[in-house]
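S.K.: Chains as they are written, first to last, in our numbering: chain A, 279 to 467; chain B, 279 to 467. For every residue, glycine included, the Cβ atom is placed at its ideal position computed from N, Cα and C. Sharing a structure, written as structure tokens. Questions coming.
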């Protein structure tokens, strides 16, 4: 079972690193998390890097694809060459986006006539793709989900885990990052 | 104004990357965020790396020091050489820890006779240092603060920002990562 996080230059740090950390807390036979991109590594808006494990041309074989967010999405959703290389298989895959990552789903036509959410600064751009943009942290339309506001990554990652494994694993993973006394107890070990 | 995040090998990804991202959202004259460590880069528990901008021997000149968390803290809080190199100045600095990062503060004697919080798996170890460990997401003792459960990074980072700049800047930074419809509005730009 393979999960792909799609990164690119000028990604928002949390929108790659938070899903990455959460997905890596899953202990399940065959569970694999990889970062997809277009070069050896990609730079975040703050200058950190992530290694790229696979090229975006190879996304068609994974079980779930999560598009990260950040200023870099603005260039990509207008880049026909990039969009053509995104070899998705949305009838058989789960596909989701954080914040402005929805612009890439929009440009691919995956949100056409659908409801979705995105970061406030990307609302108008997303509406260009015939999307009903709503003020919700998380919206599911069949196999496609959009989350907005960095901490809504919990909803999106949780949705992937529950769909692919179980609600119990989802709950255990999300619980492990809650504040102590507010979901996580000092008597948990 | 300089903020130091202390990283080490086997750090928990979110406990470095979430504070890093939040601190980097601060736009304030002279505000600088750097990652401190003991080599050119450090590896997270999942195998990602962060670049190290300064050595831990130089911590005495910064305004605030945040110790990250992760399995790597267990080796460090028993490492006399490492502890000796941590050139802190806690009467003039703000010092804080995420989760098991409190073990390093404990080993330095900074929590002696005080109240603190930590990750559930580190509770017993922290109590060895004469610390009253409580089930709270965030505890402040003068210039020293401890936070536990990854998302409590918001409390800790917010405390640093409010002490060093203002509550307004704190609120703006923390608001920018809340889920849409739950703190962040689609009409914010």
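1. Figure out for me which residue from B:333, B:391, B:428 has the closest Cα to the Cα of residue 463 of chain A.
2. Heavy atom of the ligand NAD less than 6 Å from the Cβ of residue 361 of chain B, yes or no?
3. DSSP state of residue 314 of chain B, grouped into three classes?
4. Take residue 417 of chain A as the anchor and find which of A:386, A:380, A:445 has the nearest alpha-carbon.
5. Can you tell me where the alpha helix (DSSP H) holding residue 384 of chain B begins and where it ends?
6. For the region 297–316 of chain B, enumerate the residues whose C-beta is nearer than 7 Å to any C-beta of chain A, in chain order.
7. Whose C-beta lies closer than 7 Å to the C-beta of residue 409 of chain A among residues of the same chain, with five residues either side of it excluded?
8. Of all the CB atoms in chain A, is at least one closer than 7 Å to the CB of residue 445 of chain B?
9. Quick check on residue 281 of chain A: does DSSP put it in helix, strand or coil?
10. Check each residue of the region 454–467 of chain A: if its Cβ is closer than 9 Å to any Cβ of chain B, include it; give the result in chain order.
11. Under three-state DSSP, which class holds residue 423 of chain B?
12. May I ask you to verify whether the region 308–326 of chain A touches the region 281–288 of chain A, counting CB pairs closer than 8 Å and requiring at least 3?
13. So, helix, strand or coil for residue 410 of chain B, using DSSP?
14. Taking CB distances under 7 Å as the criterion, tell me whether residue 292 of chain A reaches chain B.
15. Check whether the Cβ of residue 324 of chain B lies closer than 7 Å to any Cβ atom in chain A.
16. Assuming residue 281 of chain B contacts residue 301 of chain B (C-beta within less than 8 Å), just tell me the rounded distance between them.
17. Could you say which of A:398, A:279, A:449, A:334 lies nearest to residue 453 of chain B if we only look at CA atoms?
18. Need the endpoints of the beta strand (DSSP E) that residue 344 of chain A sits in, please.
19. My output table needs one value for residue 447 of chain A: the three-state DSSP class, helix, strand or coil.
20. Given a threshold of 16 other Cβ atoms within 10 Å of its Cβ, counted over all protein chains shown, does residue 387 of chain B qualify as buried or as exposed?
21. Just the chain B side, please: which residues come within less than 8 Å of residue 285 of chain A by C-beta, in chain order?
22. Name the one or two DSSP bridge partners that residue 372 of chain A has.
23. So, helix, strand or coil for residue 329 of chain B, using DSSP?
24. Within this structure, are the beta carbons of residue 345 of chain A and residue 382 of chain A separated by less than 7 Å?
25. Strictly by DSSP, which residues pair up with residue 322 of chain A?
26. Contact criterion: CB-CB distance below 7 Å. Does residue 319 of chain B meet it with respect to chain A?
27. Does the region 333–340 of chain B come into contact with the region 360–370 of chain B, if we say contact requires no fewer than three beta-carbon pairs (one atom in each stretch) closer than 8 Å?
M.R.: This is what the structure holds:
1. B:428
2. Ligands displayed in this structure: none; no statement on the ligand NAD is therefore possible.
3. strand
4. A:380
5. 380–385
6. 298, 299, 302
7. 384, 389, 392, 394
8. no
9. strand
10. 454, 455, 456, 457, 458, 459, 460, 461, 462, 463, 464, 465, 466, 467
11. strand
12. yes
13. strand
14. yes
15. yes
16. 5 Å
17. A:398
18. 342–345
19. helix
20. exposed
21. Neighbours of residue 285 of chain A on chain B: none; closest Cβ ~11 Å, over 8 Å.
22. A:342
23. strand
24. yes
25. A:289
26. no
27. yes
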